[in-house]
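Protein chains: 2
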Amino acid sequence: MPKRSPYVQSLKKAGYRLTQARLTVLDVLEADHGHITSADVLAKVERINPAIGRASVFRTLELFTQLGFIRPTYIDTSHTPSYVMMRGGHHHHVICTDCKRFFEFENCGLEAMTRNLQRELDMQISGHLLEFYGVCADCRGEDRAEQPS
Amino acid sequence: MPKRSPYVQSLKKAGYRLTQARLTVLDVLEADHGHITSADVLAKVERINPAIGRASVFRTLELFTQLGFIRPTYIDTSHTPSYVMMRGGHHHHVICTDCKRFFEFENCGLEAMTRNLQRELDMQISGHLLEFYGVCADCRGEDRAEQPS
DNA sequence: ATTTATGCAAAACTTTTGCATGGGA
DNA sequence: TCCCATGCAAAAGTTTTGCATAAAT
Chain A
999 MPKRSPYVQS LKKAGYRLTQ ARLTVLDVLE ADHGHITSAD VLAKVERINP AIGRASVFRT
1059 LELFTQLGFI RPTYIDTSHT PSYVMMRGGH HHHVICTDCK RFFEFENCGL EAMTRNLQRE
1119 LDMQISGHLL EFYGVCADCR GEDRAEQPS
Chain B
999 MPKRSPYVQS LKKAGYRLTQ ARLTVLDVLE ADHGHITSAD VLAKVERINP AIGRASVFRT
1059 LELFTQLGFI RPTYIDTSHT PSYVMMRGGH HHHVICTDCK RFFEFENCGL EAMTRNLQRE
1119 LDMQISGHLL EFYGVCADCR GEDRAEQPS
């Protein structure tokens, strides 16, 4: 069963070796749809293959970030990053600032803006991250209940 | 000379005391247009008023994040966050993934999308962060020069 | 065979906590 | 005066580094 993840192909094409550490981290990221903290990546990789060292996981996360596979961001204010997968170079989600749940969505309509910025700033734009912040219906309900008068 | 920063007003209205630590961190953030790492905030606050402790700076950054004044993000891959100011609840920039320079821009045209998401997800949306990634003209030039064949 | 990438373990940082005390309102 | 917020300093995490070795190609 050959690996057919587009990321594996990219890694290979860029001249990087397909090592256990890299393939395992990739599996973990893809299994979680890419919303995962560094601590969780560390823990899951360790569970899958305890022979893989922490340092390699961090080195891999950095490499994947450089290659644009993932992007670190802060889902909650805890100071450990969450990594999101940049499928097709972009990622969009809405985060509830109260319960920290998030909802991904696909169509962002930013193609025109990308072209504009590319032209105006003379930059080769490869992707983007769009995060909305708000309060979900559940949390608004809870809030109301918590405020008696 | 009274403080007239809208953030100071918000702090007061929310019932928080206007302490030296909070006012100083606010000054530092505003002086840098809000693109500044935690380490830099720490250093600048210490330079302005050495009596302010690290812990208070971190507590203040967390408070400001909760209040929506700022938002932590990763400008470079170094694992210390950069804080951006969420003026009017939103922030938009383009980052050069090579030299890490960034360019802020104002009009994002996301008002309609905000309304749509609000309706579709039943969320009270308060703001957003939009980051584009790319390579600036300077870095593309350098790259070309570095590739002889 | 050649290197690149790794694992290890320690070092280097960054951030958080607990608690007595000071400074805003 | 009251009590929220602070400073301190230690603890708790997280990430990075250096180097001999393993493992991809």
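Those sequence lines, one after another, are chains A and B.
For the first sequence, the working numbering begins at 999 and goes up steadily by one.
For the second sequence, the working numbering begins at 999 and goes up steadily by one.
Just so it is clear, CB atoms sit at the ideal spot from N, CA and C, and this is done for glycine as well.
Interface residues of chain A around residue i at Cβ under 9 angstroms?
i       : result
E1104/B : Correct list: empty, because the minimum Cβ distance to chain A is about 12 angstroms.
F1101/B : L1115, L1119 and M1121
R1138/B : D1120, M1121 and Q1122
Using DSSP with H/G/I as helix, E/B as strand and the rest coil, what is residue i?
i       : result
P1004/A : helix
C1106/A : coil
T1035/B : strand
C1097/A : coil
G1013/A : coil
M1111/B : helix
L1127/A : strand
Output the boundary residues of the beta strand (DSSP E) element that contains residue i.
i       : result
T1071/B : I1068 to T1071
I1050/B : Element bounds for I1050/B: n/a, residue is neither H nor E.
Quick check: the Cα distance between residue i and residue j, rounded to an integer number of angstroms?
i       : j       : result
L1027/A : F1062/A : 11 angstroms
Y1131/B : G1066/B : 23 angstroms
C1106/B : N1047/A : 44 angstroms
A1110/A : P1079/A : 30 angstroms
E1044/B : I1050/B : 7 angstroms
L1059/A : V1133/B : 21 angstroms
Y1014/A : A1041/A : 24 angstroms
R1099/B : A1029/A : 33 angstroms
H1033/B : R1117/B : 32 angstroms
L1115/B : R1138/A : 16 angstroms
A1037/B : S1076/A : 16 angstroms
E1102/A : F1103/B : 24 angstroms
G1087/A : G1125/A : 4 angstroms
I1068/A : D1120/A : 24 angstroms
P1070/B : Y1072/A : 7 angstroms
L1127/A : R1085/B : 18 angstroms
Between which two residues does the alpha helix (DSSP H) harbouring residue i extend?
i       : result
T1078/B : First-last for T1078/B: undefined, no H or E at that position.
D1025/A : Q1018 to A1029
In chain A, which residues lie with their C-beta within 8 angstroms of the C-beta of residue i?
i       : result
T1035/B : Neighbours of T1035/B on chain A: none; closest Cβ ~12 angstroms, over 8 angstroms.
E1060/B : T1075
At a CB-CB cut-off below 7 angstroms, which residues of chain A make contact with residue i?
i       : result
G1107/B : M1111
L1128/B : H1126 and L1128
Along chain B, in chain order, which residues have C-beta atoms closer than 7 angstroms to that of residue i?
i       : result
G1132/A : M1121, Q1122, I1123 and S1124
Check the Cβ of residue i against every Cβ in chain B and list those closer than 9 angstroms, keeping chain order.
i       : result
A1135/A : L1119, D1120, M1121 and Q1122
P1079/A : Y1072, H1077 and P1079
Within 7 angstroms: the Cβ of residue i and any heavy atom of the ligand FMN?
i       : result
D1038/B : Because no ligand of any kind appears in the structure shown, any question about the ligand FMN cannot be addressed here.
List the residues of chain B that residue i touches, going by C-beta distances under 8 angstroms, in chain order.
i       : result
T1063/A : T1075
V1092/A : L1115, L1119, M1121 and I1123
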